[in-house]
Amino acid sequence: MKITFRDNNLPPLWDKIEAGARLTLEDGLILFRSDDLIALGRMAREMNYRRNGDAVYYSLNQKIEPTNICRLQCRFCAFSVQPDDPRAYELSIPEILEKISPSIREVHITGALHPDRPWRYYLDLVAAIRERFPQVGIKAYTAVEIDYFHRQFGIPVKQVLKGLKNAGLDSLPGGGAEIFSQRVRLRLFPGKISAKRWLMIHRVAHLAGIPTNATMLYGHIETIEERLRHLIMLRELQDETGGFFSFIPLPFQPGQLGITPGNRATGGVDDLKTIAISRLMLDNFPHVKAYWVMLTQEGASLALHFGADDLDGTVGGERIAHDAGADTPQSLARENLTGMIRETGRIAVERDVFYNPLRADGEDIIGKIPYLNSVPFYHHFPRQPFRLLPLAPRQMGILSRQGQIAGGPFSLMDYLAQDDGLTMLNYCIASPREVGSVLLFSKLPWTGLEAKDIGITDDTATSVRLLRVLLEQRYGVQARLRRLRSHERIYDPYQAVLLIGDEALRRRKSGLPGFPLVFDLAGEWFNWQQLPFVFAVWACDKELPEKKRQALAGAIERSLRQAEGKMIALGASYCQGIGITPKEAAAYLAAFQYRLGEEEKEAIRIFRGYIHD
Amino acid sequence: MIDGILQKIKDQRRLSPTEGLALLREAPLLELAEAAGEIRHRQNPGGMVTFVVDTNPNYTNICVNDCAFCAFYRRAGAPDAYVRSVDELIGSFKAAAAAGVRTVLLQGGVNPELPLSYYLELVTRTIGEAPEIHPHFFSPPEIMGMAATSGRKLEEVLTLLWEAGLRTLPGGGAEVLSEQVKAIVSPRKGTARDWLGVMRAAHRIGFKSTATMMFGHAETDRDIITHLQAIRNLQDEYDGFTAFIPWSFKPGNSPLGERTGRQPQALRYLRLIALARIYLDNFPHIQTSPFSEGKKIGQVALHFGADDFGGTLLEENVHRAADFVNPGSMEESIHLIHAAGFDAAERDTRYRILKHFPRTERRMA
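Residue numbers (my numbering), protein chains in the order written: chain A, 1105 to 1717; chain B, 2 to 366.
1. Residues of chain A with CB under 7 angstroms from B/L337, in chain order?
2. I need the straight-line Cα distance from A/D1414 to B/R201, nearest angstrom please.
3. Which first and last residues belong to the beta strand (DSSP E) in which B/A244 is found?
4. Which runs of the beta strand (DSSP E), 3 residues or longer, sit entirely within the stretch 1587-1646 of chain A?
5. Please check the pair A/T1108 and B/E39, which I expect to be a contact at CB under 8 angstroms, by giving their CB distance rounded to whole angstroms.
6. What number of angstroms, rounded off, separates the C-alpha of B/F305 from the C-alpha of A/V1240?
7. Which residue wins for smallest C-alpha separation from A/C1304, given the options A/G1258, A/F1349, A/V1248 and A/L1321?
8. Which runs of the alpha helix (DSSP H) spanning at least 4 residues fall entirely within the stretch 1338-1365 of chain A, listed in chain order?
9. Thinking C-alpha only, which one of A/L1625, A/I1558 and A/N1530 is nearest A/I1594?
10. Taking the straight line between their C-alpha atoms, what separation do you get for B/G311 and B/L268?
11. I'd like to know if B/P29 contacts chain A, where contact means its C-beta is closer than 9 angstroms to some C-beta of that chain.
12. For my contact list, B/M215 and B/E259 are in at a C-beta cut-off of 8 angstroms; report their separation, rounded to the angstrom.
13. Roughly how far, in whole angstroms, is the beta-carbon of B/A277 from the beta-carbon of B/L229, given that I think they are within contact range, below 8 angstroms?
14. Report yes or no: is there a C-beta of chain A within less than 9 angstroms of the C-beta of B/E333?
15. What alpha helix (DSSP H) runs, 4 residues minimum, are completely inside the stretch 122-195 of chain B?
16. Could you pull the start and end residues of the beta strand (DSSP E) that A/Q1697 belongs to?
17. Would a C-beta distance cut-off of 9 angstroms place A/S1721 and A/R1498 closer than the cut-off?
18. Quick check on A/P1390: does DSSP put it in helix, strand or coil?
19. So who's on the other strand from B/G312, going by DSSP bridges?
20. Excluding the 5 residues preceding and the 5 following A/I1715 in the sequence, name in chain order all residues of the same chain whose CB lies nearer than 8 angstroms to its CB.
21. Leaving out five residues before and five after A/S1677 in sequence, what residues of the same chain have Cβ atoms less than 7 angstroms from its Cβ?
22. Please determine, among A/R1179, A/L1664, A/H1218 and A/S1207, the residue with the shortest C-alpha to C-alpha distance to A/I1187.
23. Does the beta-carbon of B/Y74 have 16 or more other beta-carbons within 10 angstroms, so that it is buried, or is it exposed?
24. Under the DSSP definition of a beta bridge, which residues are partnered with A/L1493?
25. Just the C-alpha distance for A/V1264 and A/Y1579, rounded to the nearest angstrom, thanks.
26. Per DSSP, what kind of secondary structure is B/C94 in: helix, strand or coil?
27. For A/L1201, decide whether its Cβ has a neighbour in chain B, counting only Cβ atoms nearer than 9 angstroms.
28. For a contact defined as C-beta to C-beta under 7 angstroms, what are the partners of B/L268 on chain A?
29. Just tell me which of A/G1683, A/F1619 and A/R1589 has its CA closest to the CA of A/G1313.
30. Would you decide whether B/K11 is buried or exposed? Buried here means 16 or more other CB atoms lie within 10 Å of its CB.
31. Of all the CB atoms in chain A, is at least one closer than 9 angstroms to the CB of B/K356?
32. List the residues of chain A that B/Q300 touches, going by C-beta distances under 7 angstroms, in chain order.
33. What is the rounded straight-line gap between the Cα of A/W1632 and the Cα of A/A1626?
34. Taking a contact to mean a Cβ-Cβ separation below 9 angstroms, would you say A/H1306 touches A/T1345 in this structure?
35. Let's test the definition: count the other Cβ atoms within 10 Å of the Cβ of B/L60 and tell me whether it reaches 16, buried, or not, exposed.
36. List the endpoints of the continuous beta strand (DSSP E) containing B/A357.
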């Protein structure tokens, strides 16, 4: 992907990004001052492609605003009213349940700071939705509301969040961040929580296992530097917790508020630049959202070319933006969204509240394992004719069973379970000795784990099965394996925890407090069997035409061959989000065996024997 | 294939219709924009975007053509049908001139009740009585109408208009210059060949004109290429086109709109701007239309190869009749051009610069 730069200030930054280095505030200023919009877009699109492949995410979702009666009267808000206002409304829990369509998969609740509803109401609302619609993810209450609950009811923030999580809350929306500049906050939103407090609440949420989003309201009186500081503060928190899903830049809707000169709205060029630069600065954020309700449908579909990969969703009802004069239809059906995505040539991926793919629309989709160990397969993977969809190993198995993907590297267990429907290709992810990224963090030695609880990751069946084989057949230990929920980070109740992938790599380096023993499962297998362990094998749908199968094998071979010469550079470009050094990353990659040889086949045969026992 | 075409563009070679079609259908959006941007900066270096202070009134809304996409026209005798007198129009031009307007883009319906003398008088008196105003009058369907009602040949009508002082023609009424498309959307307005015939005759006399395209209704990708190919060929003959101006069909209040419904056109529009810049290698200017495409997309198009921001449009009725209103002003045009990263300049209808409005802060080092 060669980019033609018209602005000579950009190539050094692009080199930096390609080498996996992080952009600074000064770099961000250069990006914002650049007039080379198309090059900015191409850089951001490329960075997004590396992370998200061809996927564009959306959800079947609905926004619920239980009331518009608010204690705050923010200058820019045309939604909130006083209790005696004729437009004031409040919905009861049964009324809200009535409004929720059973076909959605995510509900997004934001409201206003109502003066006299009891704490019970907020918990009951979440619990009632959870009970009535178990398949619907609940994204509810911005940091502003969480802080309000804390003050109103005298409950510590941590307890507020834990209470809501126990009631069934899955994630927090990213609203209320506005812009993290005290100068701007004092002028425009003096009643709102401070930036520091917003960040603190999200930190506490992340540590409590509640993932969140983050927004930025731009295009009012903020400076470019204030935008960049906002992005960098989010990036720093993300380094610390990894709890953010999506970043959502929101263009200010000027209405008739007299905040911008001539009540001018943001320009289209500014909107696209902001999307692109957000993607480039937020190197550790999984997603950048083009929120069509604010950007318009056309603006959002254009933003998909400038680094965005997330279109929010069908959005059942949307009052806040409409009361301020946003000019978009009330809601879009799935077909409308998938049509927008198809037009860009990408894969329309319906997600759940945790960004797990539920359905993928598109042809010739190849699963992409989003872990560092798979980078050699994908970094040079040709853009045509296949499209890449990032999938955790377990999800790859599920989507393959549903016939939604054409191929990919399957977790060994998934391959063995489906081998009548799959054709094996001669590539694998195998570890001759220690792997470094499939680790059991334990409070006790192996033999001490008898009848104990072990927390296991949700992402892969193979590592879990390997753990079980080691426990039972090597050490003769029966333990209870308990599945951790997506994004759960509370490990205290367990005597040991199995972590895999980049999270394991991170923890190998930083350690997991309270779990002093670390067992490398591939190393354990080798010490026992004197064979490598095969974590995954490449395979494709048996129905895939011969020509395409060959094209796929050719693509893997070419990509791998290019990667093999430069593992150090590859390690450097991808180690950023993980928190390991380029050298550590390169050493990690170099230790894998990516071609399926006789030893690997023998290892598969033996493992299959154990699991059939 | 796309890579080969992009290389051909870099080598400054002319594209074939097949190559144009491949770009339109398959080129990734930003790669297309990048190639168009390179040409734009090569052809019009210095990062300047021009605009014209104009107004876009109509002398009549009575029209015999019954085009399926049009929400503006009325049949003769309709309660809201009108014809404006020459006096009234000249009065309004004087008022517009006082407000700073330098070009009047005047079009009608095609109204057979109006004699040729009406049109000639409009031109002569505009030049005599509102000398600040450049008359940019009468699109090809109207010229054809004048020929039909006066019984004169096209060349004669055009020569009379030239002698009266008219020098430029607006490029409206082209829609998509493909016979199949015209037969669906505007069967009585003349064929694609007719439109090109008027422009050829005009350019031969010395007129300058724009070329427009209204897309997003009944046309195929091939029709788009046919259109671009036709105007590129004509431009090779007389070099009479100043600019190409695409705009998207506005479905409001028209029979064609009931059939097509509202479809998002922004990406298509940007693709066409970029493709036009690449394909029309003999056109000096590509015009974006913030008025018809919205300010955001209109501004973004400056990075897809457009170098002209069109008119500020003090008065406009045709889009308005389709419930599409997007009022602009000179100040706003300058602001949008600057914010996109370009210097602004006011031009006349022949694209001569009248006044520079440079950015006070140069953003690119």
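Ideal placement from N, C-alpha and C gives every residue a C-beta, glycine not left out.
Just so it is clear, the structure is predicted and the values come from calculations on it, not from any experiment.
If we stick to the structure as given:
1. G1371
2. 49 angstroms
3. F242 to S249
4. 1600-1604, 1621-1624 and 1637-1645
5. 7 angstroms
6. 42 angstroms
7. In the sequence under discussion, the amino acid at residue 1304 of chain A is Met, which differs from the Cys named in the question. It is A/V1248.
8. none
9. A/I1558
10. 20 angstroms
11. yes
12. Contact flag wrong, Cβ pair sits at about 17 angstroms.
13. 6 angstroms
14. yes
15. 141-151, 155-165 and 180-186
16. Q1697 to R1699
17. Absent from the model: residue 1721 of chain A. The displayed extent of chain A is 1105 to 1717, so no value can be given.
18. coil
19. B/V53
20. M1517, L1520, R1569 and V1573
21. E1122, A1123 and G1124
22. The amino acid occupying residue 1187 of chain A in the given sequence is Pro; Ile does not appear at that position. Ranking A/R1179, A/L1664, A/H1218 and A/S1207 by Cα distance to A/P1187 puts A/H1218 first.
23. buried
24. A/G1471
25. 43 angstroms
26. Just to set this straight, residue 94 of chain B is Phe in the shown sequence, not Cys. Reduced to three states, the DSSP call for B/F94 is helix.
27. no
28. S1405, L1406 and E1447
29. A/R1589
30. exposed
31. no
32. G1371, G1372 and V1373
33. 10 angstroms
34. yes
35. Looking at the sequence provided, one finds Tyr at residue 60 of chain B rather than Leu. Buried.
36. A small fix is needed here, since residue 357 of chain B is His in this sequence, not Ala. Its beta strand (DSSP E) spans residues I354 to F358.
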